[in-house]
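Numbering (numbering that gives the first Met the number 0), first residue to last: 0 to 236.
Beta carbons are placed, not taken as given, at the ideal position from N, Cα and C, and that holds for glycine.
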Amino acid sequence: MVERPQLRERARPPTERECADIPWLKVLSPEDRADAVDHLMVSVAVPGDRVCRIGRPSTFWFGVIDGLLKMSNDTSDGAQITYTGIPPGAWFGEGTLLKRETYRYNIEALRRSTVAGLTSDTFQRLLDRSIPFNRFVMNQLNERLGQFIAAREIDRHNQPDARVARNLAALFHPVLYPGVGDLLRITQQELGYLVGLSRQRVNQALNALQQAKLIRIDYGGVRVLDLDRLRRYTPPG
DNA sequence: CCATTAAACACCC
DNA sequence: GGGTGTTTAATGG
């Protein structure tokens, strides 16, 4: 799955438990589901590992079983543009697979992560056979479009607290990231990386959001209390 | 000025 | 050991 063999663990079939957390498996017929599981592989990526790289042919549809990835792009001057974090439950890369193109962004592990991959052939086969699968993919694309439109709005307001709030809310998206639930495992360091702020400033923002009773700061993570208001947060004043 | 951040430190899980 | 809270000095709009 991960194209570069820097893995701690070789790719292996998914466990029952892991399959239970893959949302689109539930919509498939028993036959299609069996076919899919047969062509699912799971591996572990350590921090810095690239799950996919720009320019590589698309060979898998990827899903995050556990951990945290980030989607980024390299600019001409060597800097990185981070687009979004990818938390547990996310499935991505379907756009590239649909167009049968090469990947247009890098996906890198921020922490030790368990990543699943469905072979491109099987992905295409499911598209041909299964209407529920098509519906799932279509819904996924639609929800993600909403995410990116929201991301543009985030960049407009450069109020740090609001940016942290909106970015957090995006990561708690229940459809795109069903594995997150109401407790997102993310360090303040990682969040700073994704939002583009320092660790202290993220901590300051989190405390403001906690004071507003929108989240609760947990050790090594954030618990959402009111997702709707978190999404709409504006700083007092 | 004021906000932000890097660096350094002391806790604590 | 790593994540977190905090202080201090440097930086930049």
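Query	Result
Beta-carbon spacing of A115, A44 below 8 Å	no
Beta-carbon proximity of Q188 to R198, cut-off 8 Å	yes
Exposed unless 16 or more other CB atoms sit within 10 angstroms - verdict on A168	buried
Where S28 falls: helix, strand or coil (DSSP)	coil
Coarse secondary structure for G178, derived from DSSP in three states	coil
Own chain, CB closer than 6 Å to W90, minus 5 neighbours either side, in chain order	G62
Cβ-Cβ distance between P87 and G178 below 8 Å	yes
Stretch pair the region 58–72 + the region 115–129: three plus CB contacts closer than 8 Å	yes
Beta-carbon proximity list for V201, same chain, < 7 Å, skipping 5 on both sides	V163, Q187, L190, G191 and V194
When I216, R124, P29 and W23 are compared against I185, the one with the closest alpha-carbon	I216
In DSSP terms, what E189 is bridged to	E189 pairs with nothing; no bridge assigned.
Presumed contact (8 Å Cβ cut-off) between S129 and D31, rounded CB distance	5 Å
Member of S42, R151 and G54 whose CA lies at the smallest distance from the CA of E17	S42
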